[in-house]
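Inspection log for the structure reproduced underneath, given as structure tokens.
There are 2 protein chains.
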Amino acid sequence: MRNILIYKYIDVTARAGSVRKAAEILSITPSSLNRRIQSLELELDTPLFERHAKGVRLNPAGEHAVHVFRRHIAEIAELKSRIEDLKGARRGTVSIVCSQSLLPTFLPKQIQAYRDEFPGVEFRVHMADGEAAEHALITYDADLAIIYSPLAMENFETIATIRQPVFAIMSASHKLTKKKKLRLSDCIDYPLALPKIPYAVRNLLDLEAKRLNTTLRPIVETESYIFLRNYVASSNAIGFEIEVGLSQDVIDGTAVRPLDLRVNDGGLLHLAQLRGRSLPVGAAKFAEQIATSFASDT
Amino acid sequence: MRNILIYKYIDVTARAGSVRKAAEILSITPSSLNRRIQSLELELDTPLFERHAKGVRLNPAGEHAVHVFRRHIAEIAELKSRIEDLKGARRGTVSIVCSQSLLPTFLPKQIQAYRDEFPGVEFRVHMADGEAAEHALITYDADLAIIYSPLAMENFETIATIRQPVFAIMSASHKLTKKKKLRLSDCIDYPLALPKIPYAVRNLLDLEAKRLNTTLRPIVETESYIFLRNYVASSNAIGFEIEVGLSQDVIDGTAVRPLDLRVNDGGLLHLAQLRGRSLPVGAAKFAEQIATSFASDT
DNA sequence: TCGATCTGCTGCTAAAAAGGACCCAGCCTA
DNA sequence: TAGGCTGGGTCCTTTTTAGCAGCAGATCGA
Numbered sequence: 005m006r007n008i009l010i011y012k013y014i015d016v017t018a019r020a021g022s023v024r025k026a027a028e029i030l031s032i033t034p035s036s037l038n039r040r041i042q043s044l045e046l047e048l049d050t051p052l053f054e055r056h057a058k059g060v061r062l063n064p065a066g067e068h069a070v071h072v073f074r075r076h077i078a079e080i081a082e083l084k085s086r087i088e089d090l091k092g093a094r095r096g097t098v099s100i101v102c103s104q105s106l107l108p109t110f111l112p113k114q115i116q117a118y119r120d121e122f123p124g125v126e127f128r129v130h131m132a133d134g135e136a137a138e139h140a141l142i143t144y145d146a147d148l149a150i151i152y153s154p155l156a157m158e159n160f161e162t163i164a165t166i167r168q169p170v171f172a173i174m175s176a177s178h179k180l181t182k183k184k185k186l187r188l189s190d191c192i193d194y195p196l197a198l199p200k201i202p203y204a205v206r207n208l209l210d211l212e213a214k215r216l217n218t219t220l221r222p223i224v225e226t227e228s229y230i231f232l233r234n235y236v237a238s239s240n241a242i243g244f245e246i247e248v249g250l251s252q253d254v255i256d257g258t259a260v261r262p263l264d265l266r267v268n269d270g271g272l273l274h275l276a277q278l279r280g281r282s283l284p285v286g287a288a289k290f291a292e293q294i295a296t297s298f299a300s301d302t
Numbered sequence: 005m006r007n008i009l010i011y012k013y014i015d016v017t018a019r020a021g022s023v024r025k026a027a028e029i030l031s032i033t034p035s036s037l038n039r040r041i042q043s044l045e046l047e048l049d050t051p052l053f054e055r056h057a058k059g060v061r062l063n064p065a066g067e068h069a070v071h072v073f074r075r076h077i078a079e080i081a082e083l084k085s086r087i088e089d090l091k092g093a094r095r096g097t098v099s100i101v102c103s104q105s106l107l108p109t110f111l112p113k114q115i116q117a118y119r120d121e122f123p124g125v126e127f128r129v130h131m132a133d134g135e136a137a138e139h140a141l142i143t144y145d146a147d148l149a150i151i152y153s154p155l156a157m158e159n160f161e162t163i164a165t166i167r168q169p170v171f172a173i174m175s176a177s178h179k180l181t182k183k184k185k186l187r188l189s190d191c192i193d194y195p196l197a198l199p200k201i202p203y204a205v206r207n208l209l210d211l212e213a214k215r216l217n218t219t220l221r222p223i224v225e226t227e228s229y230i231f232l233r234n235y236v237a238s239s240n241a242i243g244f245e246i247e248v249g250l251s252q253d254v255i256d257g258t259a260v261r262p263l264d265l266r267v268n269d270g271g272l273l274h275l276a277q278l279r280g281r282s283l284p285v286g287a288a289k290f291a292e293q294i295a296t297s298f299a300s301d302t
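Protein chains in written order, with the numbering used here: chain U, 5 to 302; chain Z, 5 to 302.
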């Protein structure tokens, strides 16, 4: 749609913070981009950007404008998607932001299953925490967010929710593997490999530790679950992960045991979209699939 | 905004049902219009219209498309309105559909009051029944609807409501003027001048008549309250009108008396907008004014 | 049945808009 | 003060759009 190209120009310029950078991203010359922006400002009878020597920044009018423009871009994409759907061939791109835990197992399987049925649909998957996910939804960079976090921001609209118990991960030869079910007090005497502080699993564990009047002293702190898992495989340390992050196939050399948390029997994994937005067909149908997957796992 | 001109082209063509007629309305040549449509269809990779020898009609894809296009047109107008508001000068056009009763007194005063404060805002006022009003909101032909009717369609979003008692209108010399408050049974022996059947006041009266195990036999049926009022002024017939339709200044030769209806002490007058739509600043502020006016009259 | 009259559509030409290349002046930083 | 940014201006080419005249086909009425 050539007619909404100008929206994209404004959007990219706003993100880039500079006409020249934006022009490079858009593969046009800065002068051309600048003139397009100026002509739009002329039509709206107001500047949209504050011009500084170090770049441009949106003014209040521009903030309003890009907000509308981004929504319109997304809605035209959605329109195209619906039209494709009418023609029988479901096409389009589904863009997802999600927590790290979803990446190794859950999302690949879900996407594989979806694409078995609709091979015309492509996927973009990005990792993000709750805040970044919210931002991605607001700027229409993402259609769906799957976030494991207690945040319930007002911009989110939850499509589905599933309770996620926490599991302890350890080497297959670990003493604690003898127990079928663990408590945090069982683990606390062993070296702990924990996710870094902002992560939700860490929050849950810290809360539980507080209940036990103790503090967790991790020997390893990481933001990578992969690293964490590989680390515990070759040591006597204990790591933690939520259910959805675990492979069904047991990883060589590791064992998992459910962890009994008194504070909370697992946080909630949310499938969410931007409040009030109507999604492209592909994204909506994929969301449905995930929702039913959540429901059947309950 | 030149870039959304194509939306208007599609919209007008869809309404006109013919490329040539639409081209005439738009003051361009049919060939140009036709080519614009074709190029858009090429971009969307689907026809939007069914071509017949007697004109064009939207196909399903086209229906989806115009729906989006109309919304986008309205939202760009709203954006402009907000930008104007940011600049301090409130400008723009507020388009209203309303019941007939609002036209003689209520709306003119409200608009006058609003324009005293914001002379840059213009108004378009159209009369419509509930169904036509709903259609006008859906097609973004109107921003606000003020409808006296029991309909609560799912596309409406009620902003404010006020109860409207029914009044009887008669000549100033009428016998019934001796009573301060009337019942329908008081009127039933006199010739009746009633609004036509689909109108809400008529519905209320018919309901009340049913309660009294009788049927109303109007000697005059009209859709014009003006005619009705002038008719009763020079006869001994009795007419009916809701409160908001009455001038505060007594019309020469007529008197009004409140009518006590047992079925319902007056229907509801609704101020409504399209569900989920965010209005232009002018329309939103005018709606606020009407809402407070409703509230203070309760 | 046969025009008259609609319809959408298509070459063609002219005008207008958008894009590209280049240069300039102003501002900030080092 | 010099160098590297910035946005903005100018000239030119390319692309897009509008207008004109005319096409074939469908519809309707005499």
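Just so you know, even glycine gets a beta-carbon here, dropped at the ideal spot from N, CA and C. Only a predicted model underlies this, so the values are computations on that prediction, with no experimental measurement involved.
Take the Cβ of residue i as the centre, count every other Cβ of all protein chains shown within 10 Å, and call the residue buried at 16 or more, exposed below.
i        : result
Asp15/Z  : buried
Lys84/Z  : buried
Gln42/U  : exposed
Ile173/Z : buried
Ser238/Z : exposed
Thr17/Z  : buried
Glu88/Z  : buried
Arg261/U : buried
Ile201/U : exposed
Leu186/U : buried
Gly249/U : buried
Ala299/U : exposed
Just the chain Z side, please: which residues come within less than 7 angstroms of residue i by C-beta, in chain order?
i       : result
Ala69/U : Leu83
Met5/U  : Glu47
Quick one: which chain U residues come within Cβ less than 7 angstroms of residue i?
i       : result
Pro64/Z : Leu90
Thr50/Z : Ile87, Lys91
Val60/Z : Within 7 angstroms Cβ-Cβ: nothing; Val60/Z doesn't reach chain U, min ~17 angstroms.
So, for residue i: in the same chain, excluding its five sequence neighbours on each side, which residues have a beta-carbon less than 6 angstroms away from its beta-carbon?
i        : result
Thr50/U  : Ala65
Leu141/U : Ala149, Leu278
Leu106/U : Ile150
Pro34/U  : Val23, Arg24, Ala27
Met5/Z   : Ile80
What does residue i reach in chain U if we use C-beta pairs closer than 8 angstroms?
i        : result
Ile8/Z   : Asn7
Val16/Z  : Under the 8 angstroms cutoff, chain U gives no residues; its nearest Cβ is about 16 angstroms from Val16/Z.
Val224/Z : By Cβ distance, chain U contributes nothing, its closest Cβ being about 49 angstroms from Val224/Z, past 8 angstroms.
Glu158/Z : Ordered by position in chain U, no residue passes the 8 angstroms Cβ test against Glu158/Z, which lies about 16 angstroms from the chain.
What residues of chain Z sit near residue i, judged by a beta carbon separation below 8 angstroms?
i        : result
Gly280/U : Gly280
Given residue i, which residues of its chain have a CB within under 7 angstroms of its CB, disregarding the five upstream and five downstream residues?
i        : result
Tyr152/Z : Ser103, Ser105, Gln168, Ala204, Ile246, Gly271, Leu273
Val170/Z : Val205, Leu208, Phe244, Ile246, Leu263, Leu265, Gly270
Val236/U : Ile173, Met174, Ser175, Ala197, Ile242, Gly243, Thr258
Ala287/Z : Val98, Asp147, Leu148
Ile11/Z  : A small correction: the amino acid at residue 11/Z is Tyr; Ile does not occupy that position in the sequence shown. Answer for Tyr11/Z: Phe73, His76, Ile77, listed in chain order.
Ala213/Z : Leu188, Thr219, Leu220
In whole angstroms, what is the alpha-carbon distance linking residue i and residue j?
i        : j        : result
Leu30/U  : His130/U : 22 angstroms
Thr219/U : Gln114/U : 37 angstroms
Ile77/Z  : His71/Z  : 10 angstroms
Phe127/U : Asp133/U : 19 angstroms
Asp190/U : Lys184/U : 12 angstroms
Arg40/Z  : Glu45/U  : 25 angstroms
Gly280/U : Gln293/U : 20 angstroms
Pro112/Z : Ala137/Z : 19 angstroms
Glu121/U : Val101/U : 22 angstroms
Ala93/Z  : Tyr144/Z : 24 angstroms
His56/Z  : Ile230/Z : 44 angstroms
Asn38/U  : Val285/Z : 29 angstroms
Leu52/Z  : Asn7/U   : 17 angstroms
Arg233/U : Asn240/U : 12 angstroms
Glu135/U : Glu54/Z  : 47 angstroms
Pro108/U : Ser251/U : 8 angstroms
Show which residues of chain Z have a CB atom less than 9 angstroms away from the CB atom of residue i.
i        : result
Val101/U : Under the 9 angstroms cutoff, chain Z gives no residues; its nearest Cβ is about 25 angstroms from Val101/U.
Glu79/U  : Val72, Arg75, His76
Under 7 angstroms from any heavy atom of the ligand ATP, does the C-beta of residue i make it?
i       : result
Ser36/U : This structure lacks the ligand ATP; in fact it carries no ligand of any kind.
Counting pairs of beta carbons, one from the stretch 160 to 167 of chain U and one from the stretch 274 to 289 of chain U, are three or more of them closer than 8 angstroms?
yes
Below 8 angstroms, how does it come out for the stretch 182 to 199 of chain Z and the stretch 208 to 227 of chain Z: are there three or more Cβ pairs, yes or no?
yes
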